[in-house]
Amino acid sequence: MVPQPEAACMATHQDLEAIHLDHRRLATCLALLHTTCIHLNDHLGCDSCSYEQLGVCRGQLPSFIHDLVDILTSHFYREEALMLCMQQSGQLDGDFKSHHQAHVRILQRLNKLFSEVQQLDRSGRTEDAYFHFDYMMQGAMAEHDRRFDADLMVRMEKALKH
Ligand SMILES: [Zn+2]
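So for the sequence shown, this note's numbering puts the first residue at 0; every next one is plus one.
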């Protein structure tokens, strides 16, 4: 869904701060994967963990997925609303459409990723589920940042200084 900015909207630094906060929440959520599955980097696998720990990892997986969808959906909406508002008031230019389409593609990719992750977990490969989740998300976010957000944040910061 594309946000509809109010007729006379004027972006402020607070709006931009909310976007930065989303980015930090996202990073915290992804970092939690590493503190939950402690073998995410060394690939020792679930065999080296206790049965209780495996239960914690398996139990946490659905809430990670839920949190991520939640953060990303509201973040993309907020970012797009701010972009539109700043474009409408002449504070910003740039290609809204391709950025919006990139967000849509990420959400579509996430849907597929989440069923892949759940499938891996259900087939007893919880460590692979965590690895796949982390690897794909980090990749998607880094690519999006490189192609869109890094530049957008700089331009927004600059525009709001005036
Ligand atoms: Zn973006």
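Even for Gly, the Cβ is constructed at its ideal location relative to N, Cα and C. Just so you know, these numbers come straight off a predicted model, no measurement behind them.
Short Cβ contact (8 Å threshold) for residue i with residue j
i: residue 119; j: residue 131; result: yes
i: residue 56; j: residue 36; result: yes
i: residue 90; j: residue 158; result: yes
i: residue 18; j: residue 115; result: no
i: residue 32; j: residue 129; result: yes
i: residue 53; j: residue 125; result: yes
i: residue 155; j: residue 20; result: no
C-alpha gap between residue i and residue j, whole angstroms
i: residue 98; j: residue 25; result: 18 Å
i: residue 40; j: residue 34; result: 11 Å
i: residue 110; j: residue 73; result: 16 Å
i: residue 76; j: residue 29; result: 20 Å
i: residue 11; j: residue 61; result: 36 Å
i: residue 49; j: residue 13; result: 45 Å
i: residue 66; j: residue 93; result: 30 Å
i: residue 141; j: residue 70; result: 16 Å
Sequence-distant residues of its chain with Cβ nearer than 6 Å to residue i (five each side left out)
i: residue 82; result: 95
i: residue 88; result: 9
Beta-carbon proximity list for residue i, same chain, < 8 Å, skipping 5 on both sides
i: residue 38; result: 44, 45, 47, 48 and 126
i: residue 112; result: 131, 132, 135 and 136
Own chain residues within Cβ distance below 7 Å of residue i, not counting five before or after
i: residue 147; result: 98 and 101
With a cut-off of 6 Å, give the chain-ordered residues whose Cβ is closer than this to any heavy atom of ligand 1. Going by the Cβ distance cut-off, the answer is 78, 98, 102, 143, 147 and 148.
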